[in-house]
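Chemist: Quick note on our numbering: the sequence shown kicks off at 468 and runs consecutively. Please find one structure pasted underneath; my questions will follow.
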Amino acid sequence: MVLPNAYRKDGVGNDYSKRTITTYKQSDITMQEYHRVSDKTMEALLDTLENLLDEYTELPYEVDYSSGVLTLKLDDKGTYVINKQPPNKQIWLSSPRSGPKRYDLDTTHNEWFYHRDNSTMRSLLEEELSEVFGQPIELNAGE
Numbered sequence: 468m469v470l471p472n473a474y475r476k477d478g479v480g481n482d483y484s485k486r487t488i489t490t491y492k493q494s495d496i497t498m499q500e501y502h503r504v505s506d507k508t509m510e511a512l513l514d515t516l517e518n519l520l521d522e523y524t525e526l527p528y529e530v531d532y533s534s535g536v537l538t539l540k541l542d543d544k545g546t547y548v549i550n551k552q553p554p555n556k557q558i559w560l561s562s563p564r565s566g567p568k569r570y571d572l573d574t575t576h577n578e579w580f581y582h583r584d585n586s587t588m589r590s591l592l593e594e595e596l597s598e599v600f601g602q603p604i605e606l607n608a609g610e
């Protein structure tokens, strides 16, 4: 969706960019579909994070996935915990930087999103981990 007033103007009043804002909506999915998509997401995150940590073997960082809970330990930078919540069909994330959030699935956009601010789990993790590692981080979240 492009918002009509989402323009930035230069000093002369010329439009030089438009901002596109995606509006996410919780999808009505079966429990079987929830498990299929959430498992795929968690496994993709695990693979991506393991590959990332392989580049930083000199640091005491580690990632683990067990029983639906992914834990990313970043030494003095804190611990991320990402876990499945089947009763709610959500993925919960606890961040040492931004705190806890609960993500719902939007199957149209294939994103887990936080309904309070319309942000995605992927964008939050990419932003925060880019700050931690001092370089742009792109995550494969199972698409």
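Just so you know, even glycine gets a beta-carbon here, dropped at the ideal spot from N, CA and C. Every value quoted in this text rests on a predicted model; they were computed, and no experiment measured them.
Once the 5 residues before and after D514 are set aside, which same chain residues still bring their CB inside 8 Å of it?
Modeler: For D514, where only same-chain residues beyond five positions count, the Cβ hits under 8 Å are N607.
Chemist: Could you please give the first and the last residue of the uninterrupted beta strand (DSSP E) stretch that includes Y532?
Modeler: That run of the beta strand (DSSP E) goes 529 to 533.
Chemist: Going along the chain, which residues of its own chain have a beta-carbon closer than 7 Å to the beta-carbon of K540, five neighbours each way excluded?
Modeler: Y528, E529, T546, listed in sequence order.
Chemist: Return the residue from the list T489, H576, P563, E594 that minimises the CA-CA distance to V504.
Modeler: Of T489, H576, P563, E594, the residue nearest in Cα terms is H576.
Chemist: Who are L560's beta bridge partners in DSSP?
Modeler: DSSP lists I549, K568 as partners of L560.
Chemist: Since T508 and I558 are thought to touch, with beta carbons under 8 Å apart, how far apart are those beta carbons, to the nearest angstrom?
Modeler: With 8 Å as the limit, T508 and I558 qualify as a contact, their Cβ atoms being about 7 Å apart.
Chemist: Given a threshold of 16 other Cβ atoms within 10 Å of its Cβ, counted over all protein chains shown, does L526 qualify as buried or as exposed?
Modeler: Exposed, by the Cβ-count rule.
Chemist: Does L541 come out as helix, strand or coil in the three-state DSSP assignment?
Modeler: It is coil, neither helix nor strand.
Chemist: Assign E578 to buried or exposed, taking buried as 16 or more other Cβ atoms, counted over all protein chains shown, within 10 Å of its Cβ.
Modeler: Classification for E578: buried.
Chemist: Relative to the C-alpha of R583, which candidate in R569, E517, S562 has its C-alpha closest?
Modeler: It is R569.
Chemist: Considering only the alpha carbon of each residue, which of A511, V536, D531, S562 lies closest to Q552?
Modeler: When only C-alpha atoms are compared, the closest one is V536.
Chemist: Contact defined as beta carbons within less than 8 Å: I believe E593 pairs with R564. What is the distance between those atoms, to the nearest angstrom?
Modeler: Contact flag wrong, Cβ pair sits at about 13 Å.
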